[in-house]
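Engineer:
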Amino acid sequence: DHRAEQDPGGEAGRPRAVRLQPRRRQGRDRLGPVPRPLRRAPLGVRAPGGPRHLGRGGGRGRRRPPGRTRRPAARARRPVRRVPQGPPAAVQGHGPVPRLPAALRDGAGGIGSLRELIRRHGRALEADLRREYGVRLRDLYTGDLTWRELISYVRGLSPQAATRTALNAGIPEPSGEQIVLADLIDTVNVLDWHFRQGNTAEKAPKAKPAKSYPRWWEPKPDTARRSAERVARLEDARRRKCAREQAIAEGRIA
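This note's numbering numbers the first residue of the sequence shown as 5 and each following residue consecutively.
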């Protein structure tokens, strides 16, 4: 930026150096000085002076006053303990299932209901087990038969089994063929009645509708309401419901 010019007013016409003003740049220089470029430190190396947002002290931060201790470090979070996933409790064996509430043990399909079934209809059950599966009921008390196997056998009994007939107040359960045949007979009787109605003279007496095929497996409404077996089942269901609600209220079961 220094240039030499001829100064005619100088002594003996000697040329002297004159300091000229630097030229002003157009653009951003008018708003302020141009900031120097940031120096990037290589990866893994901390830049000298620390980050700019920490102030003049760089990464040192604010100084602690004398006599003040450092803040305690944050406590590490305790790891979440997982529930041990062990093998499920065995259902087989004699007596009640361990760690099972009594409200569930006496429910439908449990060991308590099987004991009640054996007490009421033990002879019929023994005959069905021997006839259909070749199993003796006394094997349950010798260890050759488990409670789970027994309940599977009871649920798989045929409709003609003596146990199901005894549970149905002595009325044998119908098979699928008997139900279909009863519906077909009723349909044919209704079509026959319509045919006679259409081909009978006006002054002739009208034919009476045919009665439905008797279904012994469907109890009459009055008989169903007054049945002692039905009343006993309702009372048993109410007792189990109250026991379950009480166990839930006490927190024994969820």
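Here a beta-carbon is modelled for each residue, glycine too, at the ideal position from N, C-alpha and C. Remember, predicted model here, so these are calculated numbers, not experimental data.
Less than 6 Å between C-beta atoms, sequence neighbours within five positions excluded: which residues of the same chain meet that for L129?
Structural biologist: For L129, where only same-chain residues beyond five positions count, the Cβ hits under 6 Å are T167.
Engineer: Using the Cα positions of Y137 and I115, report the straight-line distance between them to the nearest angstrom.
Structural biologist: Going by the C-alpha atoms only, they are around 20 Å apart.
Engineer: So, at 7 Å on beta carbons, what are the nonlocal neighbours of A253 in its own chain, with the 5 sequence-adjacent residues on each side left out?
Structural biologist: Around A253: no qualifying Cβ.
Engineer: Can you name the start and end residues of the alpha helix (DSSP H) that E222 belongs to?
Structural biologist: Run containing E222: none; DSSP gives neither H nor E here.
Engineer: In this structure, does DSSP put I175 in helix, strand or coil?
Structural biologist: DSSP places I175 in coil when its eight states are reduced to three.
Engineer: Below 8 Å between beta carbons: does that hold for N193 and A211?
Structural biologist: Contact flag unset, no.
Engineer: Pull up the distance between the alpha-carbon of L161 and that of G255, whole angstroms please.
Structural biologist: Spanning the two alpha carbons is a distance of roughly 37 Å.
Engineer: Tell me the rounded alpha-carbon separation between A232 and R135.
Structural biologist: Those two C-alpha atoms are separated by around 30 Å.
Engineer: Let me know the secondary structure DSSP gives K215 once reduced to three states.
Structural biologist: Three-state result, K215: coil.
Engineer: Buried or exposed: where does D148 fall if 16 or more other Cβ atoms within 10 Å of its Cβ makes it buried?
Structural biologist: By the 10 Å Cβ count, D148 comes out exposed.
Engineer: Buried or exposed for A165, going by 16 or more other Cβ atoms inside 10 Å?
Structural biologist: Its Cβ being crowded by 16 or more others within 10 Å, A165 is buried.
Engineer: Pick helix, strand or coil for K245, following the three-state DSSP scheme.
Structural biologist: K245 falls in the helix class under three-state DSSP.
Engineer: What would DSSP say about L195, mapped onto helix, strand or coil?
Structural biologist: Helix.
Engineer: If distances are taken between C-alpha atoms only, which option among R119, I183, Y217, A170 comes closest to R152?
Structural biologist: Closest option to R152, Cα to Cα, is R119.
Engineer: From A247 to A241, what does the alpha carbon distance come to, in whole angstroms?
Structural biologist: When rounded, the distance between both Cα atoms is 10 Å.
Engineer: Ends of the alpha helix (DSSP H) at T150?
Structural biologist: Where T150 is concerned, there is no enclosing alpha helix (DSSP H), given that its DSSP letter is neither H nor E.
Engineer: Closest to P163 by CA distance: which of I155, N172, S156 is it?
Structural biologist: Ranking I155, N172, S156 by Cα distance to P163 puts N172 first.
Engineer: Can you give me the C-alpha to C-alpha distance between Q201 and S216, rounded to a whole angstrom?
Structural biologist: Those two C-alpha atoms are separated by around 18 Å.
Engineer: Run the CB neighbour count on D187, radius 10 Å, all protein chains shown included, and call it buried at 16 or more, exposed below.
Structural biologist: So D187 ends up on the exposed side.
Engineer: In whole angstroms, give me the CA-to-CA distance for L154 and D190.
Structural biologist: Their backbone Cα atoms lie some 40 Å apart in a straight line.
Engineer: Can you have a look at L133 and say buried or exposed, based on whether 16 or more other CB atoms are within 10 angstroms of its CB?
Structural biologist: Classification of L133: buried, given that the 10 Å Cβ count is 16 or more.
Engineer: Taking I175 as the reference, which of W197, W221, K207 has the closest Cα?
Structural biologist: Cα-wise, what sits closest to I175 is W221.
Engineer: When the Cα atoms are used, what is the spatial distance from E181 to R142?
Structural biologist: Taking the straight line from one Cα to the other gives about 35 Å.
Engineer: Grab the span of the alpha helix (DSSP H) containing L118 for me, first residue to last.
Structural biologist: Looking at the DSSP string, the run of the alpha helix (DSSP H) that includes L118 is 115-132.
Engineer: Rounded to the nearest angstrom, what separates N203 and Y157 at their Cα positions?
Structural biologist: Each residue's alpha carbon lies about 56 Å from the other.
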